[in-house]
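In our numbering, the protein residues as written are -1 to 251.
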Amino acid sequence: MSATAPLPSARARGASPWHELDPLTRLVVALGTVAAALVLDGIVCLSLLAALAVLLPAAVARELREVLRLSLLLALPLGVSVVVVNVLFSPGTPAEGALLAAEVALRILTMAGAAVLFYRTTRPAELLASLQYHGVPARATFVIHNGVAMIPRLAERAREVTEAQRARGLDTEGNLLRRGRGLVALAAPTVLGAMAEVETRTLALETRGFTRPGRPTLLWTPQDGLVQRLARWGVLVVLIALVVARLAGALPC
-1 MSATAPLPSA RARGASPWHE LDPLTRLVVA LGTVAAALVL DGIVCLSLLA ALAVLLPAAV
59 ARELREVLRL SLLLALPLGV SVVVVNVLFS PGTPAEGALL AAEVALRILT MAGAAVLFYR
119 TTRPAELLAS LQYHGVPARA TFVIHNGVAM IPRLAERARE VTEAQRARGL DTEGNLLRRG
179 RGLVALAAPT VLGAMAEVET RTLALETRGF TRPGRPTLLW TPQDGLVQRL ARWGVLVVLI
239 ALVVARLAGA LPC
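This is the structure in structure tokens:
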């Protein structure tokens, strides 16, 4: 991942208790938060989930300001459309539509916050090493690592292609018709370049014995322990309990 990526990510900043957790633990918390946001209903329950699973860890990691800012940016387009649809076209009263819109917007914001928190506090290389440490197959770790690292790299490549095409005379700031015509000229090199980069990286890893049998020797190992293992299983147990309670109609909200 390039150091000039337009989206911020985990850097060599002062360690916090949240940063010191096993990356797998942070990943389980993020995925569990997203799943819980889909299961829970009601502003009170969603607010409690956001406070405990997003805001509190972000404050511990000293990332609260950036998590809030990036979460709002990510959730804003979809959140605005949700508010407009529910307030203006809701079959119930405007108050009911506004309440439903607030609930959906809070759910989207919570899910975005969980993703941003994980991205801001987890280096892709550390996540890869953690997954290998816990016995995840090498091919699966490669797919996960590239999925995490490709987002900022793809954004940076798109910026590079845009600047190169502008230097060749492509109009990227004209009217909508001209921008539409230039979309192919921007999208094709970006996607093809990303695919070529993945293929080159795959061949380089193969020559270094990435898929050889046996347990790999890791240069960095996560700070895992009994408490974190119990916490990860606890997240799974809580999710199962929430799903069962939701199906049984026993959730308080």
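Even for Gly, the Cβ is constructed at its ideal location relative to N, Cα and C.
Self-check item: Euclidean distance between Cα positions of V236 and T119
Solution: 24 angstroms
Quiz item: Is it the case that the Cβ atoms of S14 and R63 are separated by a distance below 8 angstroms?
Solution: no
Quiz item: If we ignore side chains and look at the alpha-carbon of each, how far apart do L98 and P220 end up?
Solution: 42 angstroms
Quiz prompt | Status (buried if at least 16 other CB within 10 Å, exposed otherwise) for L228 | solution = exposed
Practice problem: Can you grab the Cα-Cα spacing for the pair V159 / G191, in whole Å? | Solution: 10 angstroms
Practice problem: Count the other C-beta atoms from every protein chain shown that fall within 10 angstroms of the C-beta of M109, then say buried if there are 16 or more, exposed otherwise. | Solution: buried
Quiz item: Cβ atoms of G30 and V233: under 8 angstroms apart, would you say?
Solution: yes
Quiz prompt | Three-state secondary structure assigned by DSSP to R121 | solution = coil
Quiz prompt | Helix, strand or coil at L23 [DSSP, three-state] | solution = According to the sequence as given, residue 23 is Thr; it is not Leu. Three-state DSSP puts T23 in a helix.
Exercise. Answer yes or no: do L115 and A28 have a C-beta to C-beta separation smaller than 8 angstroms?
Key: yes
Quiz prompt | CB of V241 within 8 angstroms of CB of A112, strictly | solution = no
Quiz prompt | Neighbourhood of L125 by C-beta distance below 6 angstroms, restricted to the same chain and skipping five residues each side | solution = P21
Quiz item: Is Q221 helix, strand or coil by DSSP?
Solution: coil
Quiz item: Just how far apart, CA to CA, sit S218 and R67?
Solution: Checking the sequence shown, residue 218 turns out to be Trp, not Ser. Each residue's Cα considered, the two are about 31 angstroms apart.
Quiz item: Where are the beta strand (DSSP E) runs, 3 residues long or more, that stay fully inside the segment 77 to 106, in chain order?
Solution: none
Quiz item: If we ignore side chains and look at the alpha-carbon of each, how far apart do V102 and A165 end up?
Solution: 43 angstroms
Quiz item: Assuming R230 and V37 make a contact with CB atoms under 8 angstroms, what is their CB distance in whole Å?
Solution: 18 angstroms between Cβ atoms; not a contact.
Quiz item: Within 10 angstroms of its Cβ, does T91 collect 16 or more other Cβ (buried), or is it exposed?
Solution: exposed
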